[in-house]
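Asker:
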Amino acid sequence: MKKFAKTHEWVEVEGNLAVVGISNHAQEKLGDVVYVDLPQVGKIVKKGEAFMSVESVKAASDIYAPVSGKIVEVNEKLSNQPELINKDAEGEGWLVKIEMSDPAELSNLLDEESYRRFCEEES
Amino acid sequence: MEKKTPLYEEHVKLGAKIVDFAGWMMPLQYESIVAEVEAVRKNVALFDVSHMGEIFVRGPDTVAFLERLLTNSFSALSVGQAMYSVMCNENGGIIDDLIAYKLDEDEAMLVVNAANTQKDFEWIKSQSNRFDVRVEDLSDRCGLIAVQGPKSEALLSSIVPEIASLKYYHSANFTVLGKKCLISRTGYTGEDGFEICCDWQDTVYIWRGLLELGKDFSLKPAGLGARDVCRLEASYLLYGNDMYETVTPLEAGLSWVVRFEKDFVGKEALLAQKEQGVKRRIRGLKLEGRRIARHGMPVLKDGKQVGTITSGTFSPTLQSSIALAMIDSSLKMGEEVSIDMKGATVRGWIVKLPFYRGSVKTASA
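Protein chains in written order, with the working numbering: chain A, 1 to 123; chain B, 1 to 365.
Structural data, given as structure tokens:
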């Protein structure tokens with residue numbers, strides 16, 4: 001089950017790993033993604049900090065870490081196929097996997113229904 | 001107040017993302033900028049450009065006046081011909097770039113940038129005092145649809161068979177789907193194409209008709225996003241990004257529209273600049289990787305700033321990151337520079353323009 005940050009990232013938990021991507025709503029707002037600035041594996045990230053960026057034809061957008069921890073894997077496919085984010089933002093277009101240092105942080109994220117309502121209010 | 005073109009409701013119905021462009025509510029994109037660029041490059045696309053300004057000059061002194069107002073030679077045009085030009089202030093700075101149409105011996109239409117229409121109109125009026133001309137801003141009566149792409153002639157020929165004989169940078173009156181229009185073989189994408197100027201109230205009817213007709217040509221409506229990518233691939237400048245009132249045509253690489261053999265507003269300043277040597281000028285850059293160089297980013301050489309990015313995009317056609325930059329004119333073709341992208345440094349090379357040459361006709365075609 002996915003959880004969402006108000007900064008439009010999603011998280012899906014696999015054991016102690018958090019798979020992270022941007023929401024379908026966010027990719028629609030961004031438009032055609034042409035470049036993904038993937039972080040280094042091993043990088044330590046803190047919840048709420050901008051740790052990578054995604055560029056669309058329109059603008060460059062920072063991506064904020066929805067949980068704290070260490071990046072253990074990045075989606076290398078995005079280097080050559082950044083458009084995967086437009087095609088399947090919440091599936092094949094995932095960004096990174098984070099080994100969580102504080103899984104309790106997940107409770108601060110929104111469930112799918114609350115996120116959907118949040119997006120409606122925001123727009 | 002937000003202004004809307006006659007096609008605003010059509011854009012909304014087609015699911016366009018609407019953005020504010022110079023006070024106009026315009027479509028940025030319908031489905032995808034990349035797919036719309038591809039439609040322009042491979043098939044044909046429709047753009048709503050009704051927000052652009054149409055300023056008419058009429059009267060016995062029309063030719064003499066425009067010869068003085070514009071840097072390019074209006075007197076060289078025959079009736080039905082058009083030309084790209086800029087108009088400058090006394091300092092040689094570009095007030096706007098435009099297309100001037102010679103509609104008759106004593107009648108001309110200037111198509112100017114939407115953001116500059118009011119400013120241009122006031123400037124043109126103020127310059128016209130000593131000439132026997134009447135200057136009118138008819139922007140709110142003229143709808144404008146651009147049909148762009150290698151299949152644009154085939155598409156339009158199916159309803160206006162005579163269109164095939166219309167030469168590049170020429171215009172003529174035609175009947176399109178029963179409505180009177182002025183069609184020119186011009187555009188801003190680098191592809192062959194036409195711009196259809198019609199009555200404001202006929203614009204929706206013609207737009208819908210062309211969309212319907214276009215089904216056989218894989219036509220797509222395209223928004224400002226695709227228009228910007230296409231114009232940059234074709235290396236056309238954008239007023240407000242690549243040129244301002246503090247940039248001269250010599251710096252903008254537009255010396256080909258400056259006719260020093262005649263008299264025009266700004267000539268002395270441009271002559272002086274030419275004699276002293278142009279210290280900076282717009283150049284094309286090809287960048288390493290896919291990151292986009294944005295307007296205002298510094299261009300560096302050996303760690304020292306030598307210029308600034310004026311426009312940049314990722315070119316889906318060339319699969320490469322491209323940019324225009326105002327840089328020190330001492331830098332040579334092929335020279336390596338770097339672009340400071342908010343701390344990250346990306347390599348780039350000065351390249352010959354245009355980045356891409358599409359199906360656009362040449363002056364001899």
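Each residue gets a CB set at the ideal place from its N, CA and C atoms; glycine is no exception. None of the values given here were measured: they were computed from a predicted structure.
State the Cα-Cα distance for the pair residue 89 of chain B and residue 265 of chain B, rounded to the nearest angstrom.
Answerer: Whole-angstrom Cα-Cα distance: 6 Å.
Asker: At a cut of 8 Å, does the region 115 to 122 of chain A reach the region 178 to 198 of chain B through at least three beta carbon pairs?
Answerer: no
Asker: What residue from A:20, A:58, A:107 and A:45 has the CA that sits closest to residue 34 of chain A's CA?
Answerer: A:58
Asker: Under 8 Å, do residue 311 of chain B and residue 324 of chain B count as touching if we go by C-beta distance?
Answerer: yes
Asker: Take residue 368 of chain B and list the residues in its own chain whose beta-carbon comes closer than 6 Å to its own, dropping the five residues that flank it on each side.
Answerer: No information on residue 368 of chain B is available, as it lies outside the stretch 1 to 365 that chain B covers here.
Asker: Does the region 120 to 129 of chain B come within contact of the region 245 to 261 of chain B, defined as at least 3 CB pairs closer than 8 Å?
Answerer: no
Asker: Taking the continuous alpha helix (DSSP H) assigned at residue 148 of chain B, which residues delimit it?
Answerer: First-last for residue 148 of chain B: 142 to 148, but that is the beta strand (DSSP E), not the alpha helix (DSSP H).
Asker: Around the C-beta of residue 242 of chain B, are 16 or more other C-beta atoms found within 10 angstroms, so that it is buried, or is it exposed?
Answerer: With at least 16 other beta carbons inside 10 angstroms of its own, residue 242 of chain B counts as buried.
Asker: Between the beta-carbon of residue 5 of chain B and the beta-carbon of residue 53 of chain B, is there less than 8 Å?
Answerer: no
Asker: Do you know whose CA, among B:58, B:239 and B:327, lies nearest residue 281 of chain B's CA?
Answerer: B:327
Asker: Going by DSSP, what residue range makes up the alpha helix (DSSP H) through residue 210 of chain B?
Answerer: 203 to 213
Asker: Report buried or exposed for residue 41 of chain A, applying the criterion of at least 16 other Cβ atoms within 10 angstroms of its Cβ.
Answerer: exposed
Asker: Would residue 92 of chain A count as contacting chain B if we go by Cβ distances under 8 Å?
Answerer: no
Asker: Which word fits residue 130 of chain B, buried or exposed, when buried means at least 16 other C-beta atoms lie within 10 angstroms of its C-beta?
Answerer: exposed
Asker: Leaving out the 5 sequence neighbours to the left and right, which residues in its chain are closer than 8 Å to residue 78 of chain B when beta-carbon positions are compared?
Answerer: 102
Asker: For the alpha helix (DSSP H) that residue 273 of chain B lies in, which residues bound it at each end?
Answerer: 267 to 276
Asker: By the criterion of Cβ-Cβ separation under 7 Å, what are the contact partners of residue 309 of chain B in chain A?
Answerer: Chain A residues near residue 309 of chain B: none, gap ~13 Å exceeds 7 Å.
Asker: Please go through the region 47 to 111 of chain A and give each complete alpha helix (DSSP H) segment of 4 or more residues, from N-terminal end onward.
Answerer: 77 to 80 and 84 to 87
Asker: Taking the straight line between their C-alpha atoms, what separation do you get for residue 34 of chain B and residue 317 of chain B?
Answerer: 9 Å
Asker: Give the residues from the region 267 to 292 of chain B that approach chain A closer than 9 Å (Cβ to any Cβ), ordered along the chain.
Answerer: 289, 290, 291 and 292: these are the residues of the region 267 to 292 of chain B whose beta carbon lies less than 9 Å from some beta carbon of chain A, given in chain order.
Asker: So, using beta-carbon positions, are residue 210 of chain B and residue 147 of chain B closer together than 8 Å?
Answerer: yes
Asker: Give the DSSP-derived three-state secondary structure of residue 156 of chain B in the structure shown.
Answerer: Helix.
Asker: Give me the chain B residues within the contact set of residue 35 of chain A, using Cβ-Cβ distance strictly less than 9 Å, ordered along the chain.
Answerer: 289, 290, 291, 292, 314 and 321
Asker: To the nearest angstrom, how far is the alpha carbon of residue 6 of chain A from that of residue 26 of chain A?
Answerer: 11 Å
Asker: Can you tell me the Cα-Cα spacing of residue 275 of chain B and residue 269 of chain B, whole angstroms?
Answerer: 10 Å
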